[in-house]
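*Asks:* Under my numbering, read the sequence shown as residues 299 to 863, first letter to last.
Don't be surprised by glycine CBs; every beta carbon is placed ideally from N, CA and C.
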Amino acid sequence: MKTLKQFCYLAAPFWGRRAALWSWLLLLVVLAMSLSSVWFNVRLNQWNGEFYNALQQLNSQSLYRLLQDFLLIITALILVVVFADYLKQRLIMRWRIGMTQHVLARWLSADGRHYDLKINALVPDNPDQRIAEDVRLLIESSLRLLITFLHSMLTLISFATILWQLSGSLNFELMQRSWRLPGYMFWVCIVYTLVAIGLTHWIGYPLRRLNMEKQRREADYRSGLIARREASDAIAGQRGERHEQAALLSRFAAVAENWYQLIRYEKNLSFFTVGYQQLSALAPIFFALPKFLAGELLLGGLMQIRQSFAQVAGALGWFIFSYREIAAWQATVTRLYNFVVLLDAPATDPTDNAADLATPLQATLDVKTAEGRTLLENVVITATAGSLSLIQGRSGIGKSTLLRTLSGHWPHFQGQIHRSDRVCWIPQRLYLPVERLDDLLAYPLSRGNFSEARYRQVLTQVGLPQLVAQLALSTDWQQRLSGGEQQRVMFARLLLNRPALVLLDETTSALDKSSARHLLLLLKQQLPQSAVLLVSHQAFLADIAERCYALDEASVNNHGVTPPC
299 MKTLKQFCYL AAPFWGRRAA LWSWLLLLVV LAMSLSSVWF NVRLNQWNGE FYNALQQLNS
359 QSLYRLLQDF LLIITALILV VVFADYLKQR LIMRWRIGMT QHVLARWLSA DGRHYDLKIN
419 ALVPDNPDQR IAEDVRLLIE SSLRLLITFL HSMLTLISFA TILWQLSGSL NFELMQRSWR
479 LPGYMFWVCI VYTLVAIGLT HWIGYPLRRL NMEKQRREAD YRSGLIARRE ASDAIAGQRG
539 ERHEQAALLS RFAAVAENWY QLIRYEKNLS FFTVGYQQLS ALAPIFFALP KFLAGELLLG
599 GLMQIRQSFA QVAGALGWFI FSYREIAAWQ ATVTRLYNFV VLLDAPATDP TDNAADLATP
659 LQATLDVKTA EGRTLLENVV ITATAGSLSL IQGRSGIGKS TLLRTLSGHW PHFQGQIHRS
719 DRVCWIPQRL YLPVERLDDL LAYPLSRGNF SEARYRQVLT QVGLPQLVAQ LALSTDWQQR
779 LSGGEQQRVM FARLLLNRPA LVLLDETTSA LDKSSARHLL LLLKQQLPQS AVLLVSHQAF
839 LADIAERCYA LDEASVNNHG VTPPC
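Shown next as structure tokens:
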């Protein structure tokens, strides 16, 4: 029941909206077509009885007519099954598109939810797997289980009636009394299947836990491979291949360990399910044999009982044959639910985005670690429009955390921050996605917001005229450009987006003295309404800054206008 509630929570954003009307209609059509196959199975059951009776009676005329009927039934059945599967695949993609849009909108929301989860260590392992793989698995398994369950229930109702009618009553003596059991083959089928369901659950119970662990370990291994691919330069430069190979093999060993545990339990379950399937083929004939030998059943009736028993047992045994998928589905629902609940929790931005346009930033605060330890105290920072402020201090003292706090992405502080909502924080690790260069420059806006002439202008201004001819080129710019060129791209992006408050974390570290000074002065010239705060170890930049902040062990000291740090 808990898993069903979690599933409803995940499905509601798509199925509960008004635009889902066509999806509901498509679902009803898919269910109707899928369930119509039950009618064809009932018709085939009747055909079996008529065919084997005609065969026993050597009635050639009936046999030829029945063969024609068989071809018509099978042709119609094939058409229904194929189109039902086609429409089901279309429904799967409609649902996946809607759910992916919803999850991505929450994960990459304007309040920076993805980053809040990361810095507060709340994000589950491998969110990429939740969005890409778990969403797909949830939708495919949910529809498949729904269709097969409803198919089984309709099959149960249809063939239970046939089995009841065909099996008749069983008369027997027990405890010196005569007993009469109507529809005895139906009751035999019920008991037979319920015992099998209980044994299946007992044997396969650990599979849910192992499937959850399987998904987690596979995702960890895959993310490790991706991380090594992205860091190939550093690994090659430091000759760390042997170390990285050992680390990846260690992750894969965890995958293999889980795999062996999983297949051990699946082996035990397979012993039972395969045996159950084989026994089910002969069980109805064995139970109905006395009536057949007594002449109360013709061969056609025996074949109908055999097929009806198999259909009823298969319908009741839906749980048996779907146990592995149900276990995997439960694991997927739980993993995705835990992720989406975190995304749906309200994000908090402790900063006040109502700063005066002339003063994009005013802050008085103490910065703390996530554990509550004071990192910086008595911080008083003011940044006016058109100003450049430099923040310096030893490595690890908290300069980057201070910028993160001022940007609104670090909630662990006490005090007040008044800043513009048009803020751009560029961390030390730059982000250059694989896309066209003009998309890269316009980010986070679209390339259509600026003309080609404007792109050429800013590239020339930041010292990248060689890239003017490559605006439409889509490539891995993180690998193609040097560190200094990547930082120049960041300055070009700032010139295009024109934020009111710019927070730069070592964004000139890969540039020489003259280039760094040129780009910062260019920002001041081109963005006169913007305030710039720069964290840097480059002391030569102090003479172009209006204000310089030097961080000591537990405080920020404001040294006023243009003093040396």
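#1: With DSSP collapsed to three states, give me the class of His716.
#2: Which value, in whole angstroms, describes the spacing of the CA atoms of Tyr574 and Ala494?
#3: Please say whether Trp393 and Pro425 have beta carbons closer to each other than 8 Å?
#4: Could you pull out every residue in the same chain whose Cβ sits closer than 7 Å to the Cβ of Asn747, ignoring the five residues on either side in sequence?
#5: Is the Cβ-Cβ distance between Gly481 and Tyr621 less than 8 Å?
#6: With a threshold of 7 Å on Cβ separation, who are the neighbours of Glu516 within its own chain once the five nearest residues in sequence on each side are excluded?
#7: Straight-line CA distance for Ile371 to Phe338?
#8: Over the uninterrupted alpha helix (DSSP H) stretch that includes Tyr350, give me the two end residues.
#9: From the DSSP output, in three-state form, read off Tyr503 for me.
#10: Which of the three DSSP states, helix, strand or coil, is assigned to Glu555?
#11: Between Met788, Leu820, Ser812, which lies nearest to Thr805 when the distance is taken from Cα to Cα?
#12: For Tyr350 and Tyr635, which I take to be in contact (beta-carbon distance under 8 Å), what is that distance rounded to the nearest angstrom?
#13: Apart from the five residues just before and just after Glu348, which ones in its own chain have a Cβ nearer than 8 Å to its Cβ?
#14: Using three-state DSSP, classify Asp664 as helix, strand or coil.
#15: Taking only three categories from DSSP, how would you classify Tyr847?
#16: Start and end of the beta strand (DSSP E) containing Pro480?
#17: In chain order, what residues of the same chain lie with their CB nearer than 6 Å to the CB of Arg702, ignoring the 5 residues before and after it?
#18: Have a look at the DSSP bridge pairing and note the partners of Asn469.
#19: When the Cβ atoms of the segment 685 to 700 are set against those of the segment 728 to 740, are three or more pairs found closer than 8 Å?
#20: Is it right to say Asp432 is buried, meaning 16 or more other beta carbons lie within 10 angstroms of its own, or is it exposed?
#21: Contact defined as beta carbons within less than 8 Å: I believe Ala608 pairs with Pro582. What is the distance between those atoms, to the nearest angstrom?
#22: Quick check on DSSP: helix, strand or coil for Phe711?
#23: Using only the alpha-carbon positions, how far apart do Pro504 and Lys565 sit?
#24: For Ala798, I'd like the list of residues in its chain whose CB is within less than 6 Å of its CB, leaving aside the five on either flank, ordered along the chain.
#25: In the DSSP assignment, what are the bridge partners of Leu831?
#26: Report the rounded CA-to-CA distance for Ser467 versus Tyr362, giving the unit in angstroms.
#27: CA-CA distance, Ser334 and Trp345?
#28: What is the DSSP secondary structure of Arg537, counted as helix, strand or coil?
#29: Closer than 6 Å by C-beta to Lys589: which residues in its own chain qualify, once you throw out the five before and the five after it? Chain order, please.
#30: Is Ile842 closer than 8 Å to Leu673 when the C-beta atoms are compared?
#31: Give the DSSP-derived three-state secondary structure of Asn676 in the structure shown.
#32: Between the Cα of Lys303 and the Cα atoms of Gln836, Gln463, Thr632, which residue gives the shortest distance?
#33: Should Ile376 go down as buried or exposed, given a rule of 16 or more other Cβ atoms within 10 Å for buried?
#34: What do you reckon, are the CB atoms on Ala305 and Ser440 nearer than 8 Å?
#35: On the three-state DSSP scale, how would you describe Asp760?
#36: Look at Val336 and His449 and say whether their C-beta atoms are less than 8 Å apart.
*Replies:* Taking the coordinates as given:
#1: Position 418 of the sequence shown, counting from 1, holds the residue named residue 716. It is a strand residue.
#2: The sequence position of residue 574 within the sequence shown is 276, counting from 1. The sequence position of residue 494 within the sequence shown is 196, counting from 1. Those two C-alpha atoms are separated by around 8 Å.
#3: Start at 1 with the first residue of the sequence shown, and residue 425 comes out as number 127. Start at 1 with the first residue of the sequence shown, and residue 393 comes out as number 95. One thing to note: Pro425 has its Cβ no nearer than 8 Å to the Cβ of Trp393.
#4: Walking along the sequence shown from the start, residue 747 turns up at place 449. Here the set comprises Ala740.
#5: In the sequence shown, counting from the first residue as 1, residue 481 sits at position 183. In the sequence shown, counting from the first residue as 1, residue 621 sits at position 323. In this structure, Tyr621 does not lie closer than 8 Å to Gly481 by Cβ.
#6: Residue mapping note: residue 516 aligns to position 218 of the sequence shown, counting from 1. Excluding sequence neighbours, Glu516 sits near Val553.
#7: Counting from 1 along the sequence shown, the entry for residue 371 is found at position 73. Counting from 1 along the sequence shown, the entry for residue 338 is found at position 40. Between Ile371 and Phe338, the C-alpha separation is close to 7 Å.
#8: Walking along the sequence shown from the start, residue 350 turns up at place 52. From DSSP, the alpha helix (DSSP H) with Tyr350 extends over 319 to 354.
#9: To locate residue 503, count along the sequence shown from 1; it is residue 205. Here Tyr503 carries a coil assignment [DSSP, helix/strand/coil].
#10: The residue you call residue 555 lines up with position 257 of the sequence shown. The three-state secondary structure of Glu555, taken from DSSP, is helix.
#11: What you label residue 805 is simply residue 507 of the sequence shown in a count that begins at 1. Ranking Met788, Leu820, Ser812 by Cα distance to Thr805 puts Met788 first.
#12: Taking the first residue of the sequence shown as position 1, residue 350 is located at position 52. Taking the first residue of the sequence shown as position 1, residue 635 is located at position 337. Rounded, the Cβ-Cβ distance is 51 Å, inconsistent with contact.
#13: Locating residue 348 in the sequence shown gives position 50, where the first residue counts as 1. These residues qualify, in order along the chain: Ser360, Leu364, Gly598.
#14: For this step, residue 664 is matched to residue 366 along the sequence shown. Here Asp664 sits in strand by DSSP.
#15: Walking along the sequence shown from the start, residue 847 turns up at place 549. Tyr847 sits in a strand when the DSSP states are folded into three classes.
#16: The sequence position of residue 480 within the sequence shown is 182, counting from 1. Unbroken beta strand (DSSP E) run through Pro480: 475 to 480.
#17: Start at 1 with the first residue of the sequence shown, and residue 702 comes out as number 404. In the same chain as Arg702, and ignoring 5 residues on each side of it, the C-beta atoms closer than 6 Å to its own belong to Trp708, in chain order.
#18: Start at 1 with the first residue of the sequence shown, and residue 469 comes out as number 171. DSSP output for Asn469 lists Arg478 as bridge partner(s).
#19: Contact between the segment 685 to 700 and the segment 728 to 740 is not established, with fewer than three Cβ pairs separated by less than 8 Å.
#20: Reading the sequence shown from its first residue, position 134 is the one you call residue 432. Result: buried.
#21: Translated into positions along the sequence shown, residue 608 becomes position 310. Translated into positions along the sequence shown, residue 582 becomes position 284. Confirmed, Cβ separation roughly 7 Å.
#22: On the sequence shown, position 413 is the one that residue 711 refers to. In the three-state scheme derived from DSSP, where H, G and I count as helix and E and B as strand, Phe711 is classed as strand.
#23: The sequence position of residue 504 within the sequence shown is 206, counting from 1. The sequence position of residue 565 within the sequence shown is 267, counting from 1. Each residue's Cα considered, the two are about 13 Å apart.
#24: By 1-based counting over the sequence shown, the position of residue 798 is 500. For Ala798, same chain residues with a beta-carbon under 6 Å away, outside a window of 5 residues either side, are Pro658, Ser718, Arg720, Ser828 in chain order.
#25: For the purposes of this step, residue 831 is taken as residue 533 along the sequence shown, with counting starting at 1. Within the DSSP secondary-structure output, Leu831 pairs in a beta bridge with Ser687, Leu801.
#26: On the sequence shown, residue 467 is found 169 positions in, with the first residue counted as 1. On the sequence shown, residue 362 is found 64 positions in, with the first residue counted as 1. Looking at the backbone, the Cα of Ser467 and that of Tyr362 are separated by about 34 Å.
#27: Counted from its first residue, the sequence shown places residue 334 at position 36. Counted from its first residue, the sequence shown places residue 345 at position 47. Taking the straight line joining both Cα atoms gives about 17 Å.
#28: Sequence index remark: in the sequence shown, residue 537 carries index 239 (1-based). Note: Arg537 maps to coil in three-state DSSP.
#29: Residue mapping note: residue 589 aligns to position 291 of the sequence shown, counting from 1. Counting only Cβ-Cβ distances below 6 Å, and skipping sequence neighbours, we find Leu595.
#30: For this step, residue 673 is matched to residue 375 along the sequence shown. For this step, residue 842 is matched to residue 544 along the sequence shown. Against a cut-off of 8 Å, the Cβ pair of Ile842 and Leu673 comes out as no contact.
#31: Position 378 of the sequence shown, counted from the start, is the residue given in the question as residue 676. Here Asn676 sits in strand by DSSP.
#32: Numbered from 1 along the sequence shown, position 5 holds the residue referred to as residue 303. Per the Cα distances, Thr632.
#33: As a position in the sequence shown, residue 376 is number 78, starting the count at 1. A residue is called buried once 16 or more other Cβ atoms fall within 10 Å of its Cβ, and Ile376, having fewer, is exposed.
#34: Counted from its first residue, the sequence shown places residue 305 at position 7. Counted from its first residue, the sequence shown places residue 440 at position 142. Note on identity: in this sequence residue 305 is Phe, with Ala being the wrong assignment. In contact: Phe305 and Ser440 (Cβ atoms closer than 8 Å).
#35: In the sequence shown, residue 760 corresponds to position 462, counting from 1. It is Val, not Asp, that sits at residue 760 in the sequence shown. In the structure shown, Val760 sits in coil (DSSP, three-state: anything other than H, G, I, E or B).
#36: To locate residue 336, count along the sequence shown from 1; it is residue 38. To locate residue 449, count along the sequence shown from 1; it is residue 151. Val336 is a Cβ neighbour of His449, given a cutoff of 8 Å.
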